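J.:
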Amino acid sequence: MSKGITSKSDDYSQWYNDIVIKADLAEHSSVKGCMVIKPYGYSIWEKMQAVLDHKFKETGHSNAYFPLFIPKSYFSKEAAHVEGFATECAVVTHYRLKNDGNGNIVVDETAKLEEELIVRPTSETIIWNTYRGWIESYRDLPILINQWANVVRWEMRTRLFLRTTEFLWQEGHTAHATSAEAIEETEKMINVYADFVENWMAVPVVKGKKTASERFAGALDTYCIEALMQDGKALQAGTSHFLGQNFAKAFDVKFTSKEGKLEHVWATSWGVSTRLMGALIMSHSDDAGLVLPPKLAPIQVVIVPIYRNSDDLDKITTFVDELIPKLKGLGISVKYDDRDSQRPGFKFAEYELKGVPVRLAIGARDMENQTVELARRDTKEKSTVPQQGLEIYIANLLQEIQDNIYNKALQFRETHITEANSYDEFKTLLDTKTGFIAAHWDGTAETEKRIKDETKATIRCIPLNNKLEDGVCMVTGKPSTQRVLFARAY
Numbered sequence: 003m004s005k006g007i008t009s010k011s012d013d014y015s016q017w018y019n020d021i022v023i024k025a026d027l028a029e030h031s032s033v034k035g036c037m038v039i040k041p042y043g044y045s046i047w048e049k050m051q052a053v054l055d056h057k058f059k060e061t062g063h064s065n066a067y068f069p070l071f072i073p074k075s076y077f078s079k080e081a082a083h084v085e086g087f088a089t090e091c092a093v094v095t096h097y098r099l100k101n102d103g104n105g106n107i108v109v110d111e112t113a114k115l116e117e118e119l120i121v122r123p124t125s126e127t128i129i130w131n132t133y134r135g136w137i138e139s140y141r142d143l144p145i146l147i148n149q150w151a152n153v154v155r156w157e158m159r160t161r162l163f164l165r166t167t168e169f170l171w172q173e174g175h176t177a178h179a180t181s182a183e184a185i186e187e188t189e190k191m192i193n194v195y196a197d198f199v200e201n202w203m204a205v206p207v208v209k210g211k212k213t214a215s216e217r218f219a220g221a222l223d224t225y226c227i228e229a230l231m232q233d234g235k236a237l238q239a240g241t242s243h244f245l246g247q248n249f250a251k252a253f254d255v256k257f258t259s260k261e262g263k264l265e266h267v268w269a270t271s272w273g274v275s276t277r278l279m280g281a282l283i284m285s286h287s288d289d290a291g292l293v294l295p296p297k298l299a300p301i302q303v304v305i306v307p308i309y310r311n312s313d314d315l316d317k318i319t320t321f322v323d324e325l326i327p328k329l330k331g332l333g334i335s336v337k338y339d340d341r342d343s344q345r346p347g348f349k350f351a352e353y354e355l356k357g358v359p360v361r362l363a364i365g366a367r368d369m370e371n372q373t374v375e376l377a378r379r380d381t382k383e384k385s386t387v388p389q390q391g392l393e394i395y396i397a398n399l400l401q402e403i404q405d406n407i408y409n410k411a412l413q414f415r416e417t418h419i420t421e422a423n424s425y426d427e428f429k430t431l432l433d434t435k436t437g438f439i440a441a442h443w444d445g446t447a448e449t450e451k452r453i454k455d456e457t458k459a460t461i462r463c464i465p466l467n468n469k470l471e472d473g474v475c476m477v478t479g480k481p482s483t484q485r486v487l488f489a490r491a492y
């Protein structure tokens with residue numbers, strides 16, 4: 003099986019595209035800017051969904067669904083919000099097509115909507131308009147809702163999973179009686195995301211707050227988790243927003259407090275999207291294809307029989323038929339690939355490309371010796387393992403692989419966080435070492451914009467665990483009390 007994957011060191015962008023396409027994760031759609039997520043890619047997303055959905059419900063949230071279409075007037079009610087999304091909106095203006103008499107289907111100009119509808123770029127406006135009818139008293143709070151949905155943000159330059167006009171995500175929207183409760187929710191959810199990305203995706207993250215210019219449109223505070231890809235660029239892996247009372251005031255959502263006072267509700271929103279698929283690919287994969295952490299691999303173990311005749315195959319299959327229930331009993335997903343249409347070498351290359359964590363090859367000699375040949379995807383090491391107790395060995399090995407993948411990514415991240423003490427040093431590091439750069443900044447939007455315009459680097463976050471230290475801004479020389487993390491980013 004010829005993989006035809008561009009080397010990561012030669013062209014990182016093409017390497018990424020090659021893996022997405024050749025590992026059967028997704029492809030470009032005939033609809034410009036949109037993608038088709040193929041079954042193998044979608045099965046990884048489904049595993050992500052399942053874990054996150056469980057975590058949301060564990061923390062008291064329920065799923066609901068709100069309309070795809072949002073009246074344009076709703077966006078006018080929160081000025082910062084509409085300004086943040088105005089250039090990305092798809093607008094529905096008509097509700098009918100007709101035949102023009104020449105065999106062409108055209109828009110019926112007489113079927114113009116009284117008010118244009120916006121195709122959902124995010125759901126704060128429609129949800130807060132709905133919450134107004136749900137909330138009267140403190141007894142109705144908190145409302146803890148999550149929605150799994152698709153959204154549309156018009157993009158001119160697209161990359162599969164990372165930036166497409168339509169993408170999949172979840173968005174949480176919660177309503178609270180006090181500011182303290184809303185802030186607690188905001189922090190709780192960024193910790194949920196960090197736990198998922200680190201312990202399931204095996205991607206280390208930095209938890210932090212966004213600067214005012216990088217906050218979500220309409221938020222008072224945006225918390226984020228930032229991950230570092232293998233090319234040294236950052237990727238925002240999740241955000242959680244403290245919205246204050248902005249949306250409650252815009253949509254007149256009030257409640258009667260325990261003290262009998264009429265007050266505006268406090269709000270949060272939070273979300274992750276199929277960008278996580280891009281993070282998963284770019285954090286771990288190599289020139290042979292995907293490297294998947296076992297916890298998210300659709301197939302954790304693949305078994306390939308190697309045989310010369312039907313008797314050999316029958317013996318191998320008898321053993322495999324006994325092994326598979328044992329593996330499944332330990333919660334391990336397994337595939338037995340006994341296709342006779344492909345040679346073992348083709349199968350080995352196929353499952354390596356798709357990132358299957360463990361591959362077992364079993365031949366006639368293995369059956370005589372009561373062994374199997376085991377290959378692990380993360381290190382490409384092969385070993386001969388006894389058949390006795392194999393399921394326990396594999397269960398332990400999968401955890402070892404999960405830990406190894408995380409530690410490798412963590413080591414890369416830790417060796418790519420560098421301090422810069424001058425603007426010249428900062429610019430040199432950006433072009434030579436890449437990664438996160440910790441530097442002092444004077445806290446002004448003007449300096450932040452200058453750095454972005456001149457270097458294409460942005461402040462990824464102000465880390466939550468930041469140590470305070472006296473210093474001076476690397477650009478202006480003005481006083482600073484802490485370093486912030488800069489990077490070029492996706």
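Numbering (our numbering), first residue to last: 3 to 492. Even glycine gets a Cβ: it sits at the ideal position worked out from N, Cα and C. Values in this document were obtained by computation on a predicted structure and should not be read as measured data.
On the DSSP bridge assignment, give the partners of residue 100 in chain order.
T.: 108
J.: What ranges does the beta strand (DSSP E) occupy inside the region 280 to 335, keeping only unbroken runs of at least 3 residues that lie completely in it?
T.: 303 to 308
J.: Work out the CA separation of residue 252 and residue 80 for me, nearest whole Å.
T.: 6 Å
J.: Where do the ends of the alpha helix (DSSP H) carrying residue 223 lie?
T.: Unbroken run through residue 223 is the beta strand (DSSP E), 223 to 230; no alpha helix (DSSP H).
J.: Output needed for residue 237: all residues of its chain with C-beta closer than 6 Å, excluding positions within five of it in sequence on either side, in chain order.
T.: Within the same chain, residue 237 has close Cβ partners 229, 231, 281 and 492.
J.: Compute the Euclidean distance between the alpha carbons of residue 65 and residue 151, then round it to the nearest angstrom.
T.: So the alpha carbons of these two residues sit roughly 11 Å apart.
J.: Count the other C-beta atoms from every protein chain shown that fall within 10 angstroms of the C-beta of residue 179, then say buried if there are 16 or more, exposed otherwise.
T.: buried
J.: I want to know whether the region 299 to 310 touches the region 346 to 365 - three or more CB-CB distances under 8 Å.
T.: yes
J.: Can you tell me whether residue 69 is buried or exposed? The criterion is at least 16 other CB atoms within 10 Å of its CB, across all chains shown.
T.: exposed
J.: Measuring alpha carbon to alpha carbon, tell me which of 310, 377, 92 and 101 ends up nearest residue 118.
T.: 92
J.: Alpha helix (DSSP H) containing residue 15: first to last residue?
T.: 14 to 24
J.: Only counting the same chain, and skipping five residues up and downstream in sequence, which positions put a Cβ closer than 8 Å to that of residue 435?
T.: 234, 418 and 420
J.: How many whole angstroms separate the CB atoms of residue 240 and residue 226, which I take to be in contact at a CB cut-off of 8 Å?
T.: 7 Å
J.: Should residue 483 be labelled buried (16 or more other beta-carbon atoms within 10 Å of its own) or exposed?
T.: Exposed.
J.: How should residue 141 be labelled, buried or exposed, when 16 other C-beta atoms within 10 angstroms of its C-beta is the threshold for buried?
T.: exposed
J.: Taking all protein chains shown into account, do 16 or more other C-beta atoms lie within 10 angstroms of the C-beta of residue 302, making it buried, or fewer, making it exposed?
T.: Flag for residue 302 reads buried.
J.: May I ask you to report which of helix, strand or coil DSSP gives residue 44?
T.: Reduced to three states, the DSSP call for residue 44 is helix.
J.: Quick check: the Cα distance between residue 3 and residue 354, rounded to an integer number of angstroms?
T.: The predicted position of residue 3 is uncertain, since its pLDDT is 43 and thus under 50; no value can be drawn from it.
J.: Count the C-beta pairs between the region 272 to 280 and the region 169 to 177 that are closer than 8 Å, then say yes if the count reaches three, no if not.
T.: With the cut-off at 8 Å, the region 272 to 280 and the region 169 to 177 touch.
J.: Using 8 Å as the cut-off, can you tell me whether the region 456 to 473 makes contact with the region 437 to 448, which would need three or more C-beta pairs spanning the two stretches below that distance?
T.: yes
J.: For residue 356 versus residue 25, is the C-beta spacing smaller than 8 Å?
T.: yes
J.: Per DSSP, residue 376 forms a beta bridge with which residues?
T.: 362 and 385
J.: For the region 429 to 488, which segments carrying the alpha helix (DSSP H) assignment without a break, of at least 4 residues, lie completely within its bounds, in sequence order?
T.: Runs found: 447 to 457.
J.: Quick check: residue 489 and residue 459, are their CB atoms within less than 8 Å of each other?
T.: yes
J.: Quick check on the burial criterion: 16 or more other C-beta atoms within 10 angstroms. Buried or exposed for residue 43?
T.: buried
J.: Nearest by alpha-carbon distance to residue 359: which of 386, 322 and 291 is it?
T.: The residue with the shortest Cα to Cα distance from residue 359 is 291.
J.: Please classify residue 406: does DSSP put it in a helix, a strand, or coil?
T.: helix
J.: By how many angstroms is the C-alpha of residue 31 removed from the C-alpha of residue 40?
T.: Their backbone Cα atoms lie some 11 Å apart in a straight line.
J.: Work out the CA separation of residue 146 and residue 59 for me, nearest whole Å.
T.: 10 Å
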